[in-house]
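Residue numbers (the working numbering): 45 to 475. Virtual Cβ for every residue (Gly too), placed ideally from N, Cα, C. This one's a predicted model, so the numbers in the text were calculated from it and none came from an experiment.
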Ligand code: 4AD
Ligand code: MG
């Protein structure tokens, strides 16, 4: 007899099989009772009929509790009216572990903090299952996109000697006799990678000591960062929109069930097809003003500004040509206007905010060394980075896509903390 999983039931109609999983629910109508059961791949209704199941199994009805782990034997039937389209006529249920205390998470409404404190158990719920499966597919499609397009995976280190994205949100680590920092971004190492391999990417956790408690910030989040030699800002934007288009397409193909569980408006996602609109920072500011929003040229956009901007478009927008003062030290300046940096931010639709930050990098040695000084950064840890401008420097660009922000957008979840298995925020280190 074969042991199978719920997502594979279709190949076993009429066969007697074993399944391993957990009790989701039970209900009774006299001489028959139903065992709703989950195994991580789906939900299945089992039917237990007096006389058809063993006496011990039939008697279990009063004894089973939610989340008991069980081994089930029975015959698979097609049943369009049942969850998932199948049913199993149970002959035997073997209990592996019996739950003696009530499972903390019930169908009644719990507060967000309670659920987060029980994240290790909450992950079993239908909605969290759907979000994590979408995360799995988003990660997969990102790797597929870069692997199919000639990029080489170059892992950036997590311990670093310097800041990348400003010095205000660095996590310090005691590193033997000196101070190290947890990386905020793997970009600088990808710049070394791009000059060694042409096109590279890294995909891993990044850390920012964000003191903000917004629904968009984690202290530990995942970022994918491609970097490309001989690529300017315009081509960089084409790569960025194609990546996002590829991810969305993949999720629409592979996660129909999950999007349905999340009640996501799929029509909105179907419209996310490149090319995406490009607007300059100045045009974005004008657009805000035209909508009556007060905003001073030279500031960075806040969450509300990004929401207002996104309302005008069906697709994500790419805002480029930023005031250099609010962008990082490594950004190349516009050759026609030295006040502008060749950076680009991609803002998702429906108010989900910035999902990508990137741009063309400064490739001139003298200009870059002055920038580092101007930003009050120590030169020593950047010596290797400056070398890249001494030996065969080329125009190059790249970007970073925030994984959790992208998942929140795709899933339509308000808060980013539901998009990572075990979120780390200012207030949470457990579970
Ligand atoms: O815009 P950021 O800061 O850009 C960089 O780090 C560049 N060095 C990337 C590059 O060019 N290789 O961050 C990129 C993206 C943001 O658009 C956002 O999606 C995500 O990373 N992000 C965060 N996500 C969750 N929590 C945080 N605290 C985040 N900070 C940035
Ligand atoms: Mg940014």
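Quick check on residue i: does DSSP put it in helix, strand or coil?
i, result
"residue 297", "helix"
"residue 385", "strand"
"residue 70", "strand"
"residue 132", "strand"
"residue 176", "helix"
"residue 125", "coil"
"residue 28", "No answer is possible for residue 28: it lies beyond the span of the chain, which begins at 45 and ends at 475."
"residue 278", "helix"
"residue 401", "strand"
"residue 310", "helix"
"residue 423", "coil"
"residue 364", "strand"
"residue 380", "coil"
"residue 167", "coil"
"residue 58", "coil"
"residue 289", "helix"
"residue 94", "strand"
"residue 334", "helix"
"residue 64", "strand"
"residue 256", "coil"
Spatial neighbours of residue i within its chain, please: C-beta separation below 6 Å, excluding the five flanking residues on both sides.
i, result
"residue 438", "273 and 274"
"residue 65", "81, 82 and 83"
"residue 174", "302, 305 and 306"
"residue 342", "367"
"residue 103", "none"
"residue 242", "273"
"residue 358", "315"
Can you tell me whether residue i is buried or exposed? The criterion is at least 16 other CB atoms within 10 Å of its CB, across all chains shown.
i, result
"residue 93", "exposed"
"residue 353", "buried"
"residue 82", "buried"
"residue 396", "buried"
"residue 463", "buried"
"residue 197", "exposed"
"residue 144", "exposed"
"residue 426", "buried"
"residue 370", "exposed"
"residue 112", "buried"
"residue 20", "With the chain represented from 45 up to 475, any question about residue 20 goes unanswered, as that position is not in the structure."
"residue 150", "exposed"
"residue 180", "exposed"
"residue 45", "exposed"
"residue 379", "exposed"
"residue 344", "exposed"
"residue 108", "buried"
Round the Cβ separation of residue i and residue j to the nearest angstrom and send it over; I've been treating them as touching at under 8 Å.
i, j, result
"residue 251", "residue 263", "6 Å"
"residue 281", "residue 362", "5 Å"
"residue 269", "residue 320", "Not a contact, Cβ separation roughly 19 Å."
"residue 202", "residue 223", "With a Cβ gap of about 15 Å, residue 202 and residue 223 do not count as contacting."
"residue 53", "residue 158", "The Cβ separation is near 34 Å, so there is no contact."
"residue 386", "residue 277", "4 Å"
"residue 271", "residue 231", "7 Å"
"residue 236", "residue 432", "6 Å"
"residue 97", "residue 134", "5 Å"
"residue 219", "residue 234", "Contact doesn't hold; Cβ gap of about 22 Å is too wide."
"residue 72", "residue 105", "6 Å"
"residue 148", "residue 164", "Not confirmed; about 10 Å, so no contact."
Leaving out five residues on either side along the sequence, give the residues of the same chain with a beta carbon under 8 Å from the beta carbon of residue i.
i, result
"residue 417", "423"
"residue 399", "288, 360, 390, 391, 392, 445, 446, 449, 450 and 453"
"residue 217", "203, 223, 224, 225 and 226"
"residue 47", "61, 62, 63 and 64"
"residue 296", "303, 310, 313 and 314"
"residue 326", "341 and 365"
Once you ignore the five residues that flank residue i on each side, which residues in its own chain have a CB closer than 7 Å to its CB?
i, result
"residue 290", "185 and 189"
"residue 140", "113, 114 and 115"
"residue 459", "259"
"residue 406", "374, 375, 376, 412 and 415"
Can residue i be considered in contact with the ligand HEM, in the sense that its beta carbon sits closer than 7 Å to one or more heavy atoms?
i, result
"residue 261", "Because the ligand HEM does not appear in the structure shown, any question about it cannot be addressed here, the ligands present being the ligand 4AD and the ligand MG."
Can you confirm whether residue i, when its beta carbon is compared against all beta carbons of chain C, has any partner nearer than 8 Å?
i, result
"residue 65", "As a matter of chain content, chain C is missing from the structure shown, which is built from one protein chain."
**Item:** Under 7 Å, CB to nearest heavy atom of the ligand MG: contacting residues
**Value:** Result (chain order): 389, 398 and 401.
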